[in-house]
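For reference, the structure is listed below as structure tokens.
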Amino acid sequence: MLALFYIFIAVAVGLGIWQLNRLSSYKQVILNNDKGEPVNAIAKSEENPVATEKDNDIHGKFFLIFLIGFYLLMTYCLFFMNDIMLPESASVEGENDDNLFLITFVLIGVVQFATQFLLFYFSFKYRGINNRKALFYADSHKLELIWTTIPTIVLTALIGYGLYTWNDVMDLSDSENPLVIEVYAQQFNWQARYAGADNTLGRGNVRNIKDINTIGIDMTDANSADDIPVRELHLPKGRKIVFKFRSQDVLHSAYMPHFRAQMNCVPGMVTEFGFTPKFTTQEMRVQEETVRKVNGINKLRKAKGEDPYEFEYLLLCNKICGASHYNMQMKIVVEEEADFYSWLKQQKTITELVN
Ligand SMILES: [Cu+2]
């Protein structure tokens, strides 16, 4: 595939050089127009023929053929190459992102379908025909009013919905009793911390990193004592979760694609957002869309002799943060609230770990 791409590039570059070379061989001369005024023109000769009506006709028809080919390619991509998309959003808030994406996609699709038609069909329709004169058309206020007003209204509505979606995950002031979890990034792994019985995280700072306290929890803060540091993220289904992000070293980005969520982890500050998981890992595994994707992946893995893959939610790093960035991930397990609490009970608090 890559070899084909290189061949394509080489051919394109070659064609470009050939065309440039041809252009430079065209000579400019001064001719007289019907009124006897001198004008610059390309000299018509054996090697520099001026386009004839037949040439224009052929090029006009090529425009039409390109238009049809373009629509066919577009349809193919739209219907047969969409299996790389993510399955349904696994968070309640993520539904808005999916809607936004769909609305934007449909709008762009319709507009591009229409404008491509206008561009290529008119190039064909008004191809050069001898003795046909172009119409002089200055402007139309009505037309300009229409094509200014409609995009303004549509874009304003889209931006409005976008802001609503943004606030839904960023404004956490009205969430009732959310579960607070810290996600901690470092080159090149993730750790997390649950706020414990008081649901309040103790302060954290890189200066406090010592021995088992790998994420720098401030042990002098009363809120820290019951905090629970973990290496695997478990989330209860149906409960609003407030994530607080920290980074130890460089910029990272916590990316949870199945929940349509992503946030930068910035050294020296705490960033946050919230979402509500909608499906447990088990529920997600049996969904038709997920099953189809997993089967597709396993077919490829089998051909390579690799072990089969099972669906897992993942937290990935989406900011190129160093040599092992690609491998910076943490498993996320979404489960029913009762299962979640029985798991959490088995985890040791930082006080238990340190002593
Ligand atoms: Cu990273």
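To convert, take the position in the sequence shown, counting from 1, and add 1243; that gives this note's numbering.
Here a beta-carbon is modelled for each residue, glycine too, at the ideal position from N, C-alpha and C.
- Between residue 1406 and residue 1553, the alpha-carbon positions lie close to 36 Å from each other.
- In the DSSP assignment, no residue is bridged to residue 1551.
- Residue 1566 has its Cβ no nearer than 8 Å to any heavy atom of ligand 1.
- Contact between residue 1415 and residue 1476 does not hold, since their C-beta atoms are separated by about 18 Å, which reaches or exceeds 8 Å.
- Looking at the DSSP output, residue 1295 bridges to nothing.
- With fewer than 16 other beta carbons inside 10 angstroms of its own, residue 1262 counts as exposed.
- In the pairwise beta carbon analysis, the segment 1384 to 1394 is classified as not touching the segment 1441 to 1453: fewer than three pairs are separated by under 8 Å.
- Relative to the Cα of residue 1300, the nearest Cα in the group 1462, 1379, 1383 and 1365 belongs to 1365.
- Look at residue 1571: its beta carbon is less than 8 Å from one of the heavy atoms in ligand 1.
- Distance from residue 1401 to residue 1347 at the Cβ level is roughly 7 Å; contact confirmed, criterion being Cβ atoms closer than 8 Å.
- Distances taken from the Cβ of residue 1486 to the heavy atoms of ligand 1 include none shorter than 8 Å.
- In the structure shown, residue 1510 adopts extended strand secondary structure according to DSSP, grouped into three states.
- The shortest CA-to-CA distance from residue 1593 to any of 1257, 1507 and 1472 is the one to 1472.
- Of all C-beta pairs linking the segment 1517 to 1532 to the segment 1300 to 1320, fewer than three are shorter than 8 Å, placing the two stretches out of contact.
- The C-beta separation of residue 1435 from residue 1423 comes to about 11 Å, leaving the pair out of contact by the 8 Å criterion.
- In this structure, 1298 is the residue among 1342, 1324 and 1298 with its C-alpha nearest to the C-alpha of residue 1373.
- Its Cα nearest to that of residue 1568, the residue 1431 stands out among 1309, 1250 and 1431.
- The nearest non-hydrogen atom of ligand 1 is 8 Å or more from the C-beta of residue 1434.
- With the rule of 3 Cβ pairs closer than 8 Å, the segment 1335 to 1343 counts as touching the segment 1490 to 1504.
- In terms of side-chain proximity, the C-beta atom of residue 1504 is found no nearer than 8 Å to any non-hydrogen atom of ligand 1.
- Beta-carbon to beta-carbon, residue 1516 and residue 1412 are separated by about 5 Å, close enough to satisfy the 8 Å threshold.
- Secondary structure at residue 1328: coil, using DSSP grouped into helix, strand and coil.
- The C-beta distance from residue 1367 to residue 1304 rounds to 7 Å, short enough to meet the 8 Å contact threshold.
- Closest in C-alpha terms to residue 1397, from the list 1354, 1377 and 1363, comes 1354.
- Straight across, the Cα-Cα distance linking residue 1547 with residue 1574 is about 24 Å.
- Fully contained in the segment 1465 to 1529 are the following alpha helix (DSSP H) runs of length 4 or more, in chain order: 1524 to 1529.
- DSSP lists 1425 and 1472 as the beta-bridge partner residues of residue 1436.
- Between residue 1426 and residue 1486 the beta-carbon gap is near 6 Å, inside 8 Å, which marks them as a contact.
- Bridge pairing for residue 1560: 1497 [DSSP].
- Each residue's CA atom was taken as its position, placing residue 1293 and residue 1361 some 27 Å apart.
- Remark: C-beta atoms of residue 1536 and residue 1326 approach each other more closely than 9 Å.
- Partner residues in the beta bridge of residue 1575, as assigned by DSSP, are 1476 and 1556.
- Between residue 1494 and residue 1578, the C-beta spacing is not below 9 Å.
- Only buried fits residue 1488, as 16 or more other CB atoms lie within 10 angstroms of its CB.
- Residue 1470 counts as buried, since no fewer than 16 other beta carbons sit within 10 angstroms of its beta carbon.
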